[in-house]
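**Q**
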Amino acid sequence: MDEIFSQESAIQAMKTRKAEAVDPRTRPAEDSLSSQPFEDLFLEHWGPIYRLLVRMTGDPAEAEDLALETFFRLYRQPPKTGEGTNTGGWLYRVATNLALRSIRSAKHRQYYEMSAGKGALEDAPESRPAQILESREDHRMTRLALAKMNPHRAQMLVLRYSGMTYKEIARTLDLSPTSVGPLLLRAEREFEKVYLALTEEEK
Amino acid sequence: MNKHLNDGQLRAALDQELDEAGMNHLEICPTCRKRQTQIKAEMQQTARGLSFLGSPAGQPSPEAKSALVRLYQQNDSRKEISMFKKLFASTTLRVGLAIIVILAVVFSFPQARAFAGQFLNLFRVQQVVVVPVDFTGIQMLTGNDTLGKQVSDLIASSVTTRQDPGAPVTASDAAQASQLTGFTVRVPQGMTPSRFSVENAAAFTFKVDVAKVQALLDESGRSDLMLPTSINGADVSVNIPASVSVAYGTCPDPAAPDTGIGLNSGGSAGRRYPDCVILAEIPTPIVSAPADLNIAQLAQIGLEFTGMTSDQAAAFTQAVDWTSTLVIPLPRNVATYAQVTVDGVTGTLIQRPADDAPQYVLLWVKNGIIYAISSLGTDSQQAIQMANSLP
Numbered sequence: 001m002d003e004i005f006s007q008e009s010a011i012q013a014m015k016t017r018k019a020e021a022v023d024p025r026t027r028p029a030e031d032s033l034s035s036q037p038f039e040d041l042f043l044e045h046w047g048p049i050y051r052l053l054v055r056m057t058g059d060p061a062e063a064e065d066l067a068l069e070t071f072f073r074l075y076r077q078p079p080k081t082g083e084g085t086n087t088g089g090w091l092y093r094v095a096t097n098l099a100l101r102s103i104r105s106a107k108h109r110q111y112y113e114m115s116a117g118k119g120a121l122e123d124a125p126e127s128r129p130a131q132i133l134e135s136r137e138d139h140r141m142t143r144l145a146l147a148k149m150n151p152h153r154a155q156m157l158v159l160r161y162s163g164m165t166y167k168e169i170a171r172t173l174d175l176s177p178t179s180v181g182p183l184l185l186r187a188e189r190e191f192e193k194v195y196l197a198l199t200e201e202e203k
Numbered sequence: 001m002n003k004h005l006n007d008g009q010l011r012a013a014l015d016q017e018l019d020e021a022g023m024n025h026l027e028i029c030p031t032c033r034k035r036q037t038q039i040k041a042e043m044q045q046t047a048r049g050l051s052f053l054g055s056p057a058g059q060p061s062p063e064a065k066s067a068l069v070r071l072y073q074q075n076d077s078r079k080e081i082s083m084f085k086k087l088f089a090s091t092t093l094r095v096g097l098a099i100i101v102i103l104a105v106v107f108s109f110p111q112a113r114a115f116a117g118q119f120l121n122l123f124r125v126q127q128v129v130v131v132p133v134d135f136t137g138i139q140m141l142t143g144n145d146t147l148g149k150q151v152s153d154l155i156a157s158s159v160t161t162r163q164d165p166g167a168p169v170t171a172s173d174a175a176q177a178s179q180l181t182g183f184t185v186r187v188p189q190g191m192t193p194s195r196f197s198v199e200n201a202a203a204f205t206f207k208v209d210v211a212k213v214q215a216l217l218d219e220s221g222r223s224d225l226m227l228p229t230s231i232n233g234a235d236v237s238v239n240i241p242a243s244v245s246v247a248y249g250t251c252p253d254p255a256a257p258d259t260g261i262g263l264n265s266g267g268s269a270g271r272r273y274p275d276c277v278i279l280a281e282i283p284t285p286i287v288s289a290p291a292d293l294n295i296a297q298l299a300q301i302g303l304e305f306t307g308m309t310s311d312q313a314a315a316f317t318q319a320v321d322w323t324s325t326l327v328i329p330l331p332r333n334v335a336t337y338a339q340v341t342v343d344g345v346t347g348t349l350i351q352r353p354a355d356d357a358p359q360y361v362l363l364w365v366k367n368g369i370i371y372a373i374s375s376l377g378t379d380s381q382q383a384i385q386m387a388n389s390l391p
């Protein structure tokens, strides 16, 4: 209870400080924010966005940084509101973009090299080290393939395979629901091509 | 439904996401079912590879309220200098900009407009298409003069001039202008020009730097758009042939800065040059870009930046031949446009109906030459008559 109280106080204090400190020229105008207050959006989407990022990056610490960055962007520069504005969809698009960029980065490639090798073996149960290693290697290659392909199509695959319905994908990516099937198929074909090319490169 | 389902519909059916009519057809159509089996086999390996994205995260997410506290703390500790400004402050980083972002930006910043003449002619132009846009991305930038200047600097520093056109040269008549430009300059019959100005040929190259363009997108609030890394470092070379502008009435001096007539000119220019009409003629510029530079993909991102939905941008992108079409993104609230028949071809008339500063531009392409008639007035019929009187 005390902890909750102290968190509430901390948030309140930060908000007050923010209101005082942020230059009014750079502070997002009230009318440019989603009709939902920022904190409601944060509390509603934090968990799903974080979990998506963990799956995308395979690195909880990186996922947390990226999730914070996603919401920071919403906080600093929220999307313009208008008819049909979908702030939740915007958050998913930004989060997946940040994750794909992170996977592309040299630092993260290094992380994948390490996690797919020694670290994976250490964590593996004695009975199935080979399978664990193979699975990690598959995940690493999948992530690299996603980062290498057309960003729009990579987003489509991430959203679909993380469990979104076509309707949800359409809303998130600003598409008509009937175009999701054809675009998804195109994305899967590209993924297959890129994945195979990466496999060849690594041989 | 008698028509067979396409691959996309069959893919949707695999996820039980096809509409009822489609599902009913699939049930009774062996051809579609056979094709669907092939598609299923084709995507099986992909589905297996990506399946981990749907698995539980393995550990609970950090508590939301604690995360919110950290976000506010980060906000406090972040320096005032944004990522965007930091990038510009770095002397080691060369800047670059994707073609379509330039197209969008040139309409919004006075400092960047000087480049518009060059960048809008990036392709071997055979036709002109206007696309009405909302400019939501640009809205984040407008009103911010500092940022506007930085965008201009970004454009300027990504361009290497290979051939400087120098100052415009005055020609005595159409014959001399033709000699200087190397093509037959056409002038309307029955009208006396007040001046012929010839702009010499120019050539420049710009290099695409994905990190910088992405920073621009981020700073303009469009972190939801992402550029493909494949375009990074692409060199796009542009050769612009010599051109001529023929003035009628009292017109601003083309050699003087900030006196051009176009959709961006202000009301005072209209009051100073009420009878000025300018006819510009330029052979289509030639662009050479790496064969694997996907212009359509860039264009789609640019169109989304200007406020189109993904669907709209994709549909538009697919409908346009980017190697031969000059696409003009036109803000909805700024001007209107219409297709008109002039000089035996289809042209585009763009009009700004503002009370204090009405303007129009009539554009068309014929035999490899781009023609534009512009004026700070409302009498666009005059432009159409001029175009139709060209020999």
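If you're matching them up, the sequences are chains A and B in order. Under this note's numbering, the first residue of the first sequence is numbered 1, with each subsequent residue one higher. Under this note's numbering, the first residue of the second sequence is numbered 1, with each subsequent residue one higher. Note that the Cβ used here is the ideal one computed from N, Cα and C, for glycine as well.
1. Note the first and the last residue of the continuous beta strand (DSSP E) segment covering Glu281(B).
2. Measuring alpha carbon to alpha carbon, tell me which residue in Tyr371(B), Met23(B), Asp224(B), Glu199(B) is nearest Thr346(B).
3. How long is the line joining the alpha carbons of Asn86(A) and Val159(B), rounded to whole angstroms?
4. In this structure, does DSSP put Gln351(B) in helix, strand or coil?
5. Closest by CA to Leu157(A), which one among Asn6(B), Leu50(B), Ala338(B)?
6. Check this for me: beta carbons of Asp224(B) and Val94(A), under 8 Å apart or not?
7. Could one say the Cβ of Gly88(A) lies closer than 8 Å to chain B's Cβ atoms, at least one of them?
8. Roughly how many whole angstroms lie between the Cα atoms of Met226(B) and Pro193(B)?
9. According to DSSP, is Asp123(A) helix, strand or coil?
10. Does the distance from the C-beta atom of Thr205(B) to that of Arg162(B) stay below 8 Å?
11. Tell me the rounded alpha-carbon separation between Leu196(A) and Tyr75(A).
12. Suppose you measure from the CA of Thr37(B) to the CA of Ala99(A); what does that come to, to the nearest Å?
13. So within the stretch 154-221 of chain B, which uninterrupted alpha helix (DSSP H) runs reach at least 4 residues, ignoring any that extend past its ends?
14. Note down, in chain order, every chain B residue with its Cβ under 7 Å from the Cβ of Thr142(A).
15. Would Ser102(A) pass as an interface residue toward chain B - the criterion being a Cβ-Cβ separation below 8 Å?
16. Name, going along the chain, the residues of the stretch 61-75 of chain B whose beta-carbon falls closer than 9 Å to a beta-carbon of chain A.
17. Under the DSSP definition of a beta bridge, which residues are partnered with Ala338(B)?
18. According to the neighbour-count rule (16 or more other Cβ atoms, all chains shown, within 10 Å of its Cβ), is Ser66(B) buried or exposed?
19. Indicate whether at least one CB of chain A lies closer than 8 Å to the CB of Arg11(B).
20. Can you tell which of Pro79(A), Leu52(A), Leu68(A) has its C-alpha closest to the C-alpha of Asn75(B)?
21. Do you know whose CA, among Leu53(B), Gln297(B), Lys34(B), lies nearest Ser135(A)'s CA?
22. Work out the CA separation of Arg33(B) and Leu26(B) for me, nearest whole Å.
23. Would you verify that the beta carbon of Thr309(B) is, or is not, closer than 8 Å to some beta carbon of chain C?
24. Rounded to whole angstroms, what's the CA-CA distance from Tyr72(B) to Thr142(A)? Just pull it up for me.
25. How long is the line joining the alpha carbons of Glu44(A) and Leu159(A), rounded to whole angstroms?
26. Just the chain A side, please: which residues come within less than 7 Å of Gln45(B) by C-beta, in chain order?
27. In whole angstroms, what is the alpha-carbon distance linking Ser374(B) and Asn239(B)?
28. Please say whether Ala234(B) and Val208(B) have beta carbons closer to each other than 8 Å?
29. For Gln359(B), name the three-state secondary structure that DSSP assigns.
30. Output the distance between the C-alpha atoms of Glu199(B) and Thr178(A), rounded to the nearest integer angstrom.
31. Give me the residue from Glu190(A), Phe42(A), Glu200(A) with the minimum Cα distance to Tyr92(A).
32. Over what stretch of residues does the alpha helix (DSSP H) that includes Ser102(A) continue unbroken?
33. Could you tell me which chain B residues have their CB closer than 7 Å to the CB of Glu200(A), listed as they occur along the chain?
34. With a threshold of 8 Å between beta carbons, is Glu62(A) in contact with chain B?
35. Can you tell which of Arg35(B), Gln318(B), Pro252(B) has the C-alpha that lies nearest to the C-alpha of Ile295(B)?
36. Is the Cβ-Cβ distance between Val287(B) and Val236(B) less than 8 Å?
**A** In short, the structure shows the following:
1. Position 281 of the second sequence, counted from the first residue, corresponds to residue 281(B). Looking at the DSSP string, the run of the beta strand (DSSP E) that includes Glu281(B) is 277-283.
2. As a first step, residue 346(B) is located in the second sequence; it is residue number 346 there, counting from the start. Ranking the options by Cα distance to Thr346(B), first place goes to Tyr371(B).
3. Residue numbering aside, residue 86(A) sits at position 86 when the first sequence is read from its first letter. Residue numbering aside, residue 159(B) sits at position 159 when the second sequence is read from its first letter. If I take the Cα positions, the gap works out to 37 Å.
4. Against the second sequence, residue 351(B) aligns to sequence position 351. If DSSP states are grouped into helix, strand and coil, Gln351(B) belongs with the strands.
5. As a first step, residue 157(A) is located in the first sequence; it is residue number 157 there, counting from the start. Out of Asn6(B), Leu50(B), Ala338(B), Leu50(B) has the C-alpha closest to the C-alpha of Leu157(A).
6. Translated into positions along the second sequence, residue 224(B) becomes position 224. Translated into positions along the first sequence, residue 94(A) becomes position 94. Yes.
7. Position 88 of the first sequence, counted from the start, is the residue given in the question as residue 88(A). It does not; no Cβ of chain B falls within 8 Å.
8. The residue you call residue 226(B) lines up with position 226 of the second sequence. The residue you call residue 193(B) lines up with position 193 of the second sequence. Going from the Cα of Met226(B) to the Cα of Pro193(B) covers about 49 Å.
9. Your numbering for residue 123(A) matches position 123 in the first sequence. Reliability of the predicted coordinates at Asp123(A) is poor, the pLDDT of 49 falling under 50, and the value obtained from them is presented with this limitation in mind. Correct three-state label for Asp123(A): helix.
10. On the second sequence, position 205 is the one that residue 205(B) refers to. On the second sequence, position 162 is the one that residue 162(B) refers to. Cβ atoms of Thr205(B) and Arg162(B): closer than 8 Å.
11. Position 196 of the first sequence, counted from the start, is the residue given in the question as residue 196(A). Position 75 of the first sequence, counted from the start, is the residue given in the question as residue 75(A). Whole-angstrom Cα-Cα distance: 40 Å.
12. Residue 37(B) sits at position 37 when you count from the first residue of the second sequence. Residue 99(A) sits at position 99 when you count from the first residue of the first sequence. Each residue's alpha carbon lies about 33 Å from the other.
13. 174-181, 210-219
14. Along the first sequence, read from residue 1 onward, the residue named residue 142(A) stands at position 142. In chain order: Gly49, Leu50.
15. Counting from 1 along the first sequence, the entry for residue 102(A) is found at position 102. So no, Ser102(A) is outside the interface.
16. Ser61, Pro62, Glu63, Ala64, Lys65, Ser66, Ala67, Leu68, Val69, Arg70, Leu71, Tyr72, Gln73, Gln74, Asn75
17. The count along the second sequence starts at 1 and reaches residue 338(B) at position 338. Per DSSP, Leu349(B).
18. As a working note, residue 66(B) is residue 66 in the second sequence. Exposed is the call here.
19. Residue 11(B) sits at position 11 when you count from the first residue of the second sequence. True, the Cβ-Cβ gap to chain A drops below 8 Å.
20. Numbered from its first residue, the second sequence carries residue 75(B) at position 75. Comparing Cα-Cα distances from Asn75(B) to each of Pro79(A), Leu52(A), Leu68(A), the minimum goes to Leu68(A).
21. Looking up residue 135(A) in the first sequence gives position 135. For Ser135(A), the nearest C-alpha among the options comes from Leu53(B).
22. Position 26 of the second sequence, counted from the start, is the residue given in the question as residue 26(B). Position 33 of the second sequence, counted from the start, is the residue given in the question as residue 33(B). Straight-line Cα distance between these residues: approximately 6 Å.
23. In the structure shown, chain C cannot be found, because the protein chains are A and B.
24. Along the second sequence, one-based indexing puts residue 72(B) at 72. Along the first sequence, one-based indexing puts residue 142(A) at 142. Spanning the two alpha carbons is a distance of roughly 34 Å.
25. Translated into the one-based positions of the first sequence, residue 44(A) becomes position 44. Translated into the one-based positions of the first sequence, residue 159(A) becomes position 159. Going from the Cα of Glu44(A) to the Cα of Leu159(A) covers about 18 Å.
26. For the purposes of this step, residue 45(B) is identified with residue 45 of the second sequence, where counting begins at 1. Result: Glu192.
27. The residue labelled residue 374(B) in the question sits at position 374 within the second sequence. The residue labelled residue 239(B) in the question sits at position 239 within the second sequence. Approximately 24 Å, taken between the alpha carbons.
28. The residue you call residue 208(B) lines up with position 208 of the second sequence. The residue you call residue 234(B) lines up with position 234 of the second sequence. The answer is yes: Cβ separation under 8 Å.
29. For the purposes of this step, residue 359(B) is taken as residue 359 along the second sequence, with counting starting at 1. In this structure, Gln359(B) counts as strand in the three-state DSSP scheme.
30. Counting from one through the second sequence, the residue named residue 199(B) turns up at place 199. Counting from one through the first sequence, the residue named residue 178(A) turns up at place 178. Answer to the nearest angstrom: the Cα atoms are 50 Å apart.
31. Looking up residue 92(A) in the first sequence gives position 92. Measuring from the Cα of Tyr92(A), the nearest candidate turns out to be Phe42(A).
32. Taking the first residue of the first sequence as 1, we reach residue 102(A) at position 102. Here the alpha helix (DSSP H) through Ser102(A) covers 87-104.
33. As a working mapping, residue 200(A) is identified with position 200 in the first sequence. Those within 7 Å of Glu200(A) in chain B number zero; the least Cβ separation is about 15 Å.
34. For the purposes of this step, residue 62(A) is taken as the residue at position 62 of the first sequence. Closer than 8 Å: no.
35. The residue given as residue 295(B) occupies position 295 in the second sequence. Closest by alpha carbon: Gln318(B).
36. Here residue 287(B) corresponds to residue number 287 of the second sequence, with the count starting at 1. Here residue 236(B) corresponds to residue number 236 of the second sequence, with the count starting at 1. Going by C-beta atoms, Val287(B) is nearer than 8 Å to Val236(B).
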